[in-house]
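Undergrad:
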Amino acid sequence: AFVAEGERALRREVRIGARQEDQLEIVEGLRLGDSLIVTGAHFLRDNNPIKVAAAAEKAQ
Numbered sequence: 736a737f738v739a740e741g742e743r744a745l746r747r748e749v750r751i752g753a754r755q756e757d758q759l760e761i762v763e764g765l766r767l768g769d770s771l772i773v774t775g776a777h778f779l780r781d782n783n784p785i786k787v788a789a790a791a792e793k794a795q
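The sequence shown begins at 736 in the numbering used here and counts up by one.
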């Protein structure tokens, strides 16, 4: 999994719990307040520069 930290994408090892259709539970590896990168994460490598979209852009 990747999290946004500043203007960088950082890779985190996570442990997956329950899975259901298109949802899954991450039970270990994230901290409170981490911003998980979901869209486009498969294109990333550790420490890649990123630009985080504003909340209004995400809703579109």
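Yeah, the Cβ is synthetic: ideal placement off N, Cα and C, and Gly gets one too.
1) According to the neighbour-count rule (16 or more other Cβ atoms, all chains shown, within 10 Å of its Cβ), is Phe-737 buried or exposed?
2) Please classify Leu-767: is it buried, with 16 or more other beta-carbons within 10 angstroms of its beta-carbon, or exposed?
3) Three-state secondary structure (DSSP) at Ala-776?
4) Starting from the C-beta of Gly-764, find all residues in its chain whose C-beta is less than 8 Å away, skip the five residues before and the five after it, and write them out in chain order.
5) Ordered along the chain, which non-local residues of its own chain (more than five positions away) have a Cβ less than 6 Å from that of Ala-776?
TA: So, from the listed chains and residues:
1) For this step, residue 737 is matched to residue 2 along the sequence shown. Result: buried.
2) In the sequence shown, residue 767 corresponds to position 32, counting from 1. Label assigned to Leu-767: exposed.
3) Here residue 776 refers to the residue found at position 41 when the sequence shown is read from its first residue. Correct three-state label for Ala-776: helix.
4) On the sequence shown, residue 764 is found 29 positions in, with the first residue counted as 1. For Gly-764, same chain residues with a beta-carbon under 8 Å away, outside a window of 5 residues either side, are Ala-736, Arg-747, Glu-748, Val-749 and Arg-750 in chain order.
5) As a first step, residue 776 must be located in the sequence shown, where it is residue number 41. Once the five neighbours on either side are set aside, the close Cβ partners of Ala-776 are Phe-737.
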